[in-house]
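Enquirer: My structure is below; once you've seen it, I'll send some questions.
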Amino acid sequence: MKKVFFLLLLFINFTIYSQAKNSNAAYIKTIREIHKDFIFNQEDTDSQNNKKAMKNALKSLKNNLKSNDIKLIIEVWMDYDPMDYPTKELVLPLLKRNKKIAVQEIDKKLKVIKDIEDESYIGLLALKNSL
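Following this line, the structure appears as structure tokens:
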């Protein structure tokens, strides 16, 4: 009986973990598509549907983000800035919850930029200091 209970418990934990992992993947896909379209169109605005979908996806992400997910979230922090949209307020808590990976990814970006007067460098440095 204990073995059956243990196997059932193991199965439930695996299922919950898989669902969290898969839900992150769906949210990351949404974020990536909206961000890509926004950058491609080079506009200062975005549709209400995109803003709502982005907000929902950012708020719904779980804590176990991968390095590539954090890279995308940092890109969103830097680039996704439609008027009257709280990008920074939505992204910062995610990066704080995943601080170790976020700092590593920010450091990688800072090494690539090199010019300390570059606007991106200054923004990334400010982001790192706010974590």
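End of the sequence shown = 168 in our numbering, gap-free, step of one. Ideal Cβ placement from N, Cα and C applies to all residues, glycine included. Because the structure is a prediction, the values reported are computed rather than measured.
(1) Does the segment 73-90 touch the segment 100-109, meaning 3 or more C-beta pairs lie closer than 8 Å?
(2) Alpha helix (DSSP H) containing L98: first to last residue?
(3) My guess is that L161 and I143 are in contact by the Cβ rule of under 8 Å, so how many angstroms apart are they, rounded?
(4) When you compare each of L168, Q79 and S167 to P119 by their alpha carbons, which one comes out closest?
(5) Go ahead and pull the three-state DSSP assignment for Q79.
(6) So, under 8 Å CB-CB, T67 and A94 are touching, yes? Tell me the CB distance rounded to an integer number of Å.
(7) Could you check whether I111 and K146 sit closer than 9 Å to each other, using their CB atoms as the reference points?
(8) Assign I153 to buried or exposed, taking buried as 16 or more other Cβ atoms, counted over all protein chains shown, within 10 Å of its Cβ.
(9) Please classify N86: does DSSP put it in a helix, a strand, or coil?
(10) For A163, which of N86, A63, L131 and M115 has the nearest alpha-carbon?
(11) From I107 to L168, what distance separates their C-alpha atoms?
(12) If we require 4 or more residues per run, which alpha helix (DSSP H) segments fall completely within the segment 101-138?
(13) E154 lies in the alpha helix (DSSP H); which residues open and close that run?
Expert: The short version:
(1) no
(2) Here L98 belongs to no alpha helix (DSSP H), and DSSP marks it neither H nor E.
(3) 5 Å
(4) Q79
(5) coil
(6) 4 Å
(7) yes
(8) exposed
(9) helix
(10) M115
(11) 13 Å
(12) 104-116 and 124-134
(13) Unbroken run through E154: none, as it is neither H nor E.
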